[in-house]
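Novice: Here the working numbering is used: position 16 in the sequence shown is 16, and no number is missing along the way. Here you go, one structure.
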Amino acid sequence: MTDTTPTVLQRPLDPVRGDPPTPRRPVWIRPVLLPVAVAVTIGAIFISVYLSAFHAPAARDLPVAVVGTSAEATSVARRLPERSPDTFLLKPVPDREAARTAVERGEVFAAYVPGHGESELLYAGAHGPSVSTLLTSSFDALARADGERLTAVDVVRASAEDTRGLVVFYTTFGLVLAGYLFGIMTFQLGPGLTMRRRLASLGAFGGAGGLAVACVVFAFGALPAPFLGVAGLVALVAMAVGASTMLLVRSLRVLGSSAAAVLFMTVGNATSGGSLPTEFLPAWLEPFSAVLPVGVGVQAVSGLAYFHGDGVVSGIAILTAWTAAGVGGLSLLEYAPRRRA
Numbered sequence: 001m002t003d004t005t006p007t008v009l010q011r012p013l014d015p016v017r018g019d020p021p022t023p024r025r026p027v028w029i030r031p032v033l034l035p036v037a038v039a040v041t042i043g044a045i046f047i048s049v050y051l052s053a054f055h056a057p058a059a060r061d062l063p064v065a066v067v068g069t070s071a072e073a074t075s076v077a078r079r080l081p082e083r084s085p086d087t088f089l090l091k092p093v094p095d096r097e098a099a100r101t102a103v104e105r106g107e108v109f110a111a112y113v114p115g116h117g118e119s120e121l122l123y124a125g126a127h128g129p130s131v132s133t134l135l136t137s138s139f140d141a142l143a144r145a146d147g148e149r150l151t152a153v154d155v156v157r158a159s160a161e162d163t164r165g166l167v168v169f170y171t172t173f174g175l176v177l178a179g180y181l182f183g184i185m186t187f188q189l190g191p192g193l194t195m196r197r198r199l200a201s202l203g204a205f206g207g208a209g210g211l212a213v214a215c216v217v218f219a220f221g222a223l224p225a226p227f228l229g230v231a232g233l234v235a236l237v238a239m240a241v242g243a244s245t246m247l248l249v250r251s252l253r254v255l256g257s258s259a260a261a262v263l264f265m266t267v268g269n270a271t272s273g274g275s276l277p278t279e280f281l282p283a284w285l286e287p288f289s290a291v292l293p294v295g296v297g298v299q300a301v302s303g304l305a306y307f308h309g310d311g312v313v314s315g316i317a318i319l320t321a322w323t324a325a326g327v328g329g330l331s332l333l334e335y336a337p338r339r340r341a
């Protein structure tokens, strides 16, 4: 007689514990859910940073020189129209010549010269129209309240081809974006490249990118700065971002490109000072502008073009440090396993 009892299939026993092994998660969960989680997180960070920075930008401790004593500067601060109490940071200077020099060198955004019946405001239009409007409206109201007439003098004019004050930002940010893409593509297109060839590629990218950007900028006549100076600074920005992105991609794999996007394209862009000076950023965001390649590059290019090199030396040092850190980290990841072997 044939046995018709159905056979019950048993899971194989765990060789160590003797229990059936824990069922594995379906293989599709990670590739389906991880991109969702990463993309939503990056989007949320982007919106949070940009809304925090630009939903209601207000100047904080905007440096302005006042010709006179400390007591006179304090008096001017008290008589300024009611804004946030820390909108301006007034600094006394001895005379008009010192005030003008401070504006021209980027040490202050403007200088107020009180007078008898007529006051004067020396300002740098190269900082952008938003800053110029804030300064002229505030000190014009002060002069009118004192029964005086204000004469506003733009002593550092922006290029006539830069009507919105954004050329410095675009000059710098173009190769920040390119450096990010380079750092990703170098591993996608050449995963087996030797370290020496990868570094040669980085150097070629920086040099070619710097020259290309300088050519475009000078074709428009939009930036009053030396050609090689612009090319060199932009090349340093490109290599700083490129090397750092390479390190993040090499060490974090698929998450490295996302980390680089947050660091350079989101936080770096928002805190660059390209559309508004960093004094308009919230206190928690402002420090990023002094260390991330985007903000450092914007400050250096602006100083080279308009403010007697303000920020150029420190910019070169910081950008070189970013590049060296990226290259050094890549070298450790490349050569350390070989030494252990």
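Every residue gets a Cβ at the ideal spot worked out from N, C-alpha and C, and that includes glycine.
At which residue ranges does the segment 49 to 90 contain complete beta strand (DSSP E) runs of 3 or more residues, listed in the order of the chain?
Specialist: Fully enclosed beta strand (DSSP E) runs of 3 or longer: 62 to 67.
Novice: If contacts are defined as beta-carbon pairs under 8 Å, then residue 249 and residue 187 qualify, I think. What distance do you get, rounded to the angstrom?
Specialist: Translated into positions along the sequence shown, residue 249 becomes position 249. Translated into positions along the sequence shown, residue 187 becomes position 187. Residue 249 to residue 187, Cβ: 5 Å. Contact.
Novice: Tell me the DSSP secondary structure of residue 216 in three-state form.
Specialist: Sequence index remark: in the sequence shown, residue 216 carries index 216 (1-based). If DSSP states are grouped into helix, strand and coil, residue 216 belongs with the helices.
Novice: Flag this pair as yes or no: are the beta carbons of residue 81 and residue 44 separated by less than 7 Å?
Specialist: Taking the sequence shown and counting its residues from 1, one reaches residue 81 at position 81. Taking the sequence shown and counting its residues from 1, one reaches residue 44 at position 44. No, the pair does not count as a contact, with Cβ atoms beyond the cut-off.
Novice: For the beta strand (DSSP E) containing residue 151, list its first residue and its last residue.
Specialist: Taking the first residue of the sequence shown as position 1, residue 151 is located at position 151. Note, residue 151: beta strand (DSSP E), 149 to 154.
Novice: If you check the beta carbons only, do residue 163 and residue 301 fall under 7 Å apart?
Specialist: In the sequence shown, residue 163 corresponds to position 163, counting from 1. In the sequence shown, residue 301 corresponds to position 301, counting from 1. No, Cβ-Cβ distance for residue 163 and residue 301 is not below 7 Å.
Novice: Who pairs with residue 113 in a beta bridge, going by DSSP?
Specialist: As a first step, residue 113 is located in the sequence shown; it is residue number 113 there, counting from the start. According to DSSP, which records beta bridges pairwise, residue 113 is partnered with 120.
Novice: Going by the beta-carbon positions, is the gap between residue 279 and residue 105 smaller than 7 Å?
Specialist: By 1-based counting over the sequence shown, the position of residue 279 is 279. By 1-based counting over the sequence shown, the position of residue 105 is 105. Result no, Cβ atoms of residue 279 and residue 105 do not sit closer than 7 Å.
Novice: What's the gap between the Cα of residue 332 and the Cα of residue 41?
Specialist: On the sequence shown, residue 332 is found 332 positions in, with the first residue counted as 1. On the sequence shown, residue 41 is found 41 positions in, with the first residue counted as 1. Answer to the nearest angstrom: the Cα atoms are 30 Å apart.
Novice: What residue range does the alpha helix (DSSP H) around residue 181 cover?
Specialist: The residue you call residue 181 lines up with position 181 of the sequence shown. That run of the alpha helix (DSSP H) goes 167 to 189.
Novice: Rounded to whole angstroms, what is the Cα-Cα separation between residue 203 and residue 73?
Specialist: On the sequence shown, position 203 is the one that residue 203 refers to. On the sequence shown, position 73 is the one that residue 73 refers to. Each residue's Cα considered, the two are about 50 Å apart.
Novice: If you draw a straight line from the C-alpha of residue 384 to the C-alpha of residue 85, how long is it?
Specialist: Because residue 384 is not part of the residues shown, which for the chain are 1 to 341, the question remains open.
Novice: Given that a residue counts as buried once 16 or more other Cβ atoms are within 10 Å of its Cβ, and exposed if not, what is residue 255?
Specialist: Taking the sequence shown and counting its residues from 1, one reaches residue 255 at position 255. Residue 255 should be labelled exposed.
Novice: Going straight from the alpha carbon of residue 155 to that of residue 312, what length do you get?
Specialist: The residue you call residue 155 lines up with position 155 of the sequence shown. The residue you call residue 312 lines up with position 312 of the sequence shown. Spanning the two alpha carbons is a distance of roughly 21 Å.
Novice: Taking the Cβ atom as the reference point for each residue, do residue 38 and residue 257 lie within a distance shorter than 7 Å?
Specialist: Residue mapping note: residue 38 aligns to position 38 of the sequence shown, counting from 1. Residue mapping note: residue 257 aligns to position 257 of the sequence shown, counting from 1. Not closer than 7 Å, so no.
Novice: Note down the Cα distance separating residue 128 from residue 336, rounded to an integer number of angstroms.
Specialist: Against the sequence shown, residue 128 aligns to sequence position 128. Against the sequence shown, residue 336 aligns to sequence position 336. Straight-line Cα distance between these residues: approximately 49 Å.
Novice: Alpha carbon to alpha carbon, what distance is there between residue 295 and residue 153?
Specialist: Indexing the sequence shown from 1 puts residue 153 at position 153. Indexing the sequence shown from 1 puts residue 295 at position 295. The straight-line gap from Cα to Cα measures roughly 28 Å.
Novice: Measure the beta-carbon distance from residue 385 to residue 48 and round it to whole angstroms, keeping in mind my assumption that it falls under 8 Å.
Specialist: Since the first residue of the chain shown is 1 and the last is 341, residue 385 is not available in this structure.
Novice: With distance defined between alpha-carbon atoms, name the residue in 319, 299, 193 nearest to residue 310.
Specialist: Here the question's residue 310 lines up with position 310 in the sequence shown. Out of 319, 299, 193, 299 has the C-alpha closest to the C-alpha of residue 310.
Novice: With DSSP collapsed to three states, give me the class of residue 287.
Specialist: In the sequence shown, the residue the question calls residue 287 occupies position 287. Of the three classes helix, strand and coil, the one that applies to residue 287 here is helix, per DSSP.
Novice: With DSSP as the reference, please indicate the residues paired to residue 103 in a beta bridge.
Specialist: Numbered from its first residue, the sequence shown carries residue 103 at position 103. Answer by DSSP bridge pairing: none, since residue 103 is not bridged.
Novice: Once DSSP output is grouped into helix, strand and coil, what is the label at residue 35?
Specialist: As a first step, residue 35 is located in the sequence shown; it is residue number 35 there, counting from the start. In this structure, residue 35 counts as helix in the three-state DSSP scheme.
Novice: What residues match up with residue 26 in a beta bridge as DSSP calls it?
Specialist: By 1-based counting over the sequence shown, the position of residue 26 is 26. Per DSSP, none; premise fails for residue 26.
Novice: Does the distance from the CB of residue 293 to the CB of residue 241 come in under 7 Å?
Specialist: As a working note, residue 293 is residue 293 in the sequence shown. As a working note, residue 241 is residue 241 in the sequence shown. Closer than 7 Å, so yes.
Novice: Do you know how far the Cα of residue 207 is from the Cα of residue 267?
Specialist: On the sequence shown, position 267 is the one that residue 267 refers to. On the sequence shown, position 207 is the one that residue 207 refers to. In a straight line, the C-alpha of residue 267 is about 25 Å away from that of residue 207.
Novice: Run through the segment 293 to 317 for me and flag every whole alpha helix (DSSP H) of 4 or more residues, listed as ranges in chain order.
Specialist: With a minimum length of 4 residues, the continuous alpha helix (DSSP H) runs that stay inside the segment 293 to 317 are 293 to 306.
Novice: Do residue 103 and residue 124 come within 7 Å of each other at the CB atom, strictly closer than that value?
Specialist: Counting from one through the sequence shown, the residue named residue 124 turns up at place 124. Counting from one through the sequence shown, the residue named residue 103 turns up at place 103. Yes, the Cβ-Cβ distance between residue 124 and residue 103 is below 7 Å.
Novice: What are the boundary residues of the alpha helix (DSSP H) that residue 246 is part of?
Specialist: Sequence index remark: in the sequence shown, residue 246 carries index 246 (1-based). 227 to 252 is the extent of the alpha helix (DSSP H) around residue 246.
Novice: In the structure shown, what three-state DSSP assignment does residue 262 receive?
Specialist: Taking the sequence shown and counting its residues from 1, one reaches residue 262 at position 262. Of the three classes helix, strand and coil, the one that applies to residue 262 here is helix, per DSSP.
Novice: If I measure Cβ to Cβ from residue 143 and keep anything under 7 Å in the same chain, skipping five residues before and after, which residues do I get?
Specialist: Walking along the sequence shown from the start, residue 143 turns up at place 143. Once the five neighbours on either side are set aside, the close Cβ partners of residue 143 are 119, 149, 150.
Novice: Beta-carbon separation of residue 92 and residue 66 under 7 Å?
Specialist: Position 92 of the sequence shown, counting from 1, holds the residue named residue 92. Position 66 of the sequence shown, counting from 1, holds the residue named residue 66. Result yes, Cβ atoms of residue 92 and residue 66 sit closer than 7 Å.
Novice: With the cut-off set at 7 Å, would you say residue 327 and residue 264 are in Cβ contact?
Specialist: As a working note, residue 327 is residue 327 in the sequence shown. As a working note, residue 264 is residue 264 in the sequence shown. Not a contact, by the Cβ cut-off of 7 Å.
Novice: So residue 136 and residue 121 are in contact, right, with Cβ under 8 Å, and what is the actual spacing, rounded?
Specialist: As a working mapping, residue 136 is identified with position 136 in the sequence shown. As a working mapping, residue 121 is identified with position 121 in the sequence shown. That pair is a contact at about 6 Å.
Novice: Using DSSP's beta-bridge definition, name the partner residues of residue 92.
Specialist: On the sequence shown, residue 92 is found 92 positions in, with the first residue counted as 1. Beta-bridge pairing links residue 92 to 66.
Novice: Could you check the C-alpha separation between residue 290 and residue 198 for me, to the nearest Å?
Specialist: In the sequence shown, residue 290 corresponds to position 290, counting from 1. In the sequence shown, residue 198 corresponds to position 198, counting from 1. One C-alpha to the other measures close to 28 Å.
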